[in-house]
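K.L.:
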DNA sequence: AGATATTACGTGACAAGTCATATAATATCT
DNA sequence: AGATATTATATGACTTGTCACGTAATATCT
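Chains as they are written, first to last, in full-length UniProt numbering: chain A, 1 to 169; chain B, 1 to 169.
If you want it as structure tokens, here you go:
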């Protein structure tokens, strides 16, 4: 706690250096930078949005899927896909049909225009991934992903559980 | 590339497992989970939003700052703070005054109601950070932060530079 | 067979980020 | 002293996430 009444550049710099080690503080900027960079790469590869790219890539690699399947692979809420897909259908990128066996489900499939858009963006995005592998070794990525797994497990613990453990101590 | 015409659960599972090792794919969900969990913690600690909490914490630790200072510490665009602060002033959390020496700058200072809101949220958020230290050792956090630093450096490289390096090869 | 529970998707509402642009104030240059 | 360049903030517009809720279809139970 400070009783400082005037702006103090040294304190500002110290605060920033300290927050560099706060994982919670680091994520917003890194995530935003990743998204912005991804969007810029896609601008060079045909102009797809991040969600469009991700979805076409998934459909291209896996084949037809439900909205729930896409949400599961992308670790996102189904509403994100539910909202994006009608526009993608309008652009001719995908087809959407109700599943004959289960009327609740929608089967999404890549369409020729989507395949073309995928073909245009894929080399650019592959270059991005290759460039990252010049910065991190395969072993380092494995360790990094291990940290992310553990961090995500922590983030998904119920808040009440985390707060209750303190009371038990 | 697949020519699959039917939904295939094994392919879906394989795709998801593979994307687990794609750092770009991992970030959106982890960032969103961090934010949602942070909001839930704050609900237990007085109801501040994430941006409000971060800002009050910074002002409490450092003292008066400009909007640019806050944006620098939080590694965020100045517009995020510029937008949040008038509401925080309206709630009595902060005061805002033009700098006498430089009329372009706004000096933001924590106010009594902000200090009270900070005091209520701080123990809850401290518990969150303490709980994370039970999951990661200090050494592991240092390595993790090193990876994040390198990743962020990569993410901030101009796209043209990354794409040009391929051409040079 | 009918009632109840569960699941899949669509939509409302919102938070939190960014980039771009405009305005005002200051710094620098000639 | 005046012109030009730079900087700080405010605002427009947008993207991408989530949670909550409603509707429709299916699964399960009695």
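Where a beta carbon is used, it is the ideal one built from N, C-alpha and C, also for glycine.
Computed from a prediction, not measured in an experiment: that's the story for all the values here.
In the region 117-138 of chain B, which residues sit with their C-beta less than 8 Å from some C-beta in chain A, listed in chain order?
P.N.:
Answer in chain order: 124, 127, 128, 129, 130, 131, 132, 135 and 136.
K.L.:
Going by the beta-carbon positions, is the gap between residue 58(A) and residue 48(A) smaller than 7 Å?
P.N.:
Not closer than 7 Å, so no.
K.L.:
Mapping DSSP to helix, strand and coil, what is residue 106(B)?
P.N.:
Three-state DSSP puts residue 106(B) in a strand.
K.L.:
Hey, residue 45(B) and residue 104(B) are a contact pair by Cβ (cut 8 Å); roughly how many whole angstroms apart?
P.N.:
No, residue 45(B) and residue 104(B) are not in contact; Cβ-Cβ is about 35 Å, not under 8 Å.
K.L.:
Compare the Cα-Cα distances from residue 32(B) to each of 95(A), 38(A) and 25(A) and report the closest residue.
P.N.:
The shortest C-alpha separation from residue 32(B) is found at 25(A).
K.L.:
Who are the neighbours of residue 145(A) on chain B, taking C-beta pairs under 8 Å?
P.N.:
Near residue 145(A) (Cβ distances below 8 Å), the residues of chain B are 20, 21, 23 and 26.
K.L.:
Might you give, ordered along the chain, the residues of its own chain that have their beta carbon closer than 7 Å to the beta carbon of residue 51(B), omitting 5 neighbours on each side?
P.N.:
Result list for residue 51(B): 80 and 84, in chain order.
K.L.:
What do you reckon, are the CB atoms on residue 60(B) and residue 21(B) nearer than 7 Å?
P.N.:
No, these two residues do not count as a Cβ contact at 7 Å.
K.L.:
Check whether chain A comes within 7 Å of residue 94(B), counting only Cβ atoms and requiring the distance to be less than that.
P.N.:
It does not: the Cβ of residue 94(B) has no partner Cβ on chain A nearer than 7 Å.
K.L.:
If the criterion is Cβ atoms closer than 7 Å, does the pair residue 155(B) and residue 34(A) meet it?
P.N.:
Cβ distance < 7 Å, so residue 155(B) and residue 34(A) count as in contact.
K.L.:
Taking the beta strand (DSSP E) that residue 97(B) belongs to, which residues open and close that run?
P.N.:
Run containing residue 97(B): 94-98, per the beta strand (DSSP E) assignment.
K.L.:
With DSSP as the reference, label residue 66(B) as helix, strand or coil.
P.N.:
Residue 66(B) falls in the strand class under three-state DSSP.
K.L.:
Hey, could you find the ends of the alpha helix (DSSP H) residue 114(B) is sitting in?
P.N.:
Taken as a continuous stretch (DSSP letters only), the alpha helix (DSSP H) holding residue 114(B) covers 112-133.
K.L.:
Under 7 Å Cβ-Cβ, which residues of chain A neighbour residue 34(B)?
P.N.:
What residue 34(B) touches in chain A: 24, 27 and 155.
K.L.:
Thinking C-beta only, is residue 114(B) closer than 7 Å to residue 56(B)?
P.N.:
Against a cut-off of 7 Å, the Cβ pair of residue 114(B) and residue 56(B) comes out as a contact.
K.L.:
Does the separation of the CB atoms of residue 15(B) and residue 145(A) fall below 7 Å?
P.N.:
Cβ atoms of residue 15(B) and residue 145(A): not closer than 7 Å.
K.L.:
Using CA coordinates, which residue listed in 54(A), 134(A), 90(A) and 96(A) is at the minimum distance from residue 66(A)?
P.N.:
Residue 66(A) has its Cα closest to that of 96(A), out of 54(A), 134(A), 90(A) and 96(A).
K.L.:
Identify each residue in the region 60-89 of chain B for which the Cβ-Cβ distance to at least one residue of chain A is less than 8 Å, and report them in chain order.
P.N.:
Going along the region 60-89 of chain B in chain order, one finds 60, 61, 62, 63, 64, 65, 66, 69, 72, 73, 74, 75 and 76 with a Cβ nearer than 8 Å to chain A.
K.L.:
What does the alpha-carbon distance come out to for the pair residue 88(B) and residue 94(B)?
P.N.:
Rounded to whole angstroms, residue 88(B) to residue 94(B) spans 6 Å at the Cα level.
K.L.:
Name the two residues that bound the continuous alpha helix (DSSP H) containing residue 11(B).
P.N.:
Looking at the DSSP string, the run of the alpha helix (DSSP H) that includes residue 11(B) is 9-19.
K.L.:
Can you check whether the CB of residue 100(B) is closer than 7 Å to the CB of residue 64(B)?
P.N.:
It is not a contact, given that the beta carbons lie outside the stated cut-off.
K.L.:
Just the Cα atoms here: how many angstroms apart are residue 152(B) and residue 102(A)?
P.N.:
About 44 Å.
K.L.:
Taking the straight line between their C-alpha atoms, what separation do you get for residue 38(B) and residue 28(A)?
P.N.:
When rounded, the distance between both Cα atoms is 12 Å.
K.L.:
Within 7 Å (strictly less), CB to CB, does residue 56(B) reach chain A?
P.N.:
It does not; no Cβ of chain A falls within 7 Å.
K.L.:
For chain B, is any of its Cβ atoms less than 7 Å away from the one on residue 162(A)?
P.N.:
With 7 Å as the cut-off, residue 162(A) counts as an interface residue toward chain B.
K.L.:
For residue 54(A), which residues of its own chain have a beta-carbon under 8 Å away from its beta-carbon, when the five flanking residues on both sides are left out?
P.N.:
Excluding residues within five positions, the ones whose Cβ falls inside 8 Å are 74.
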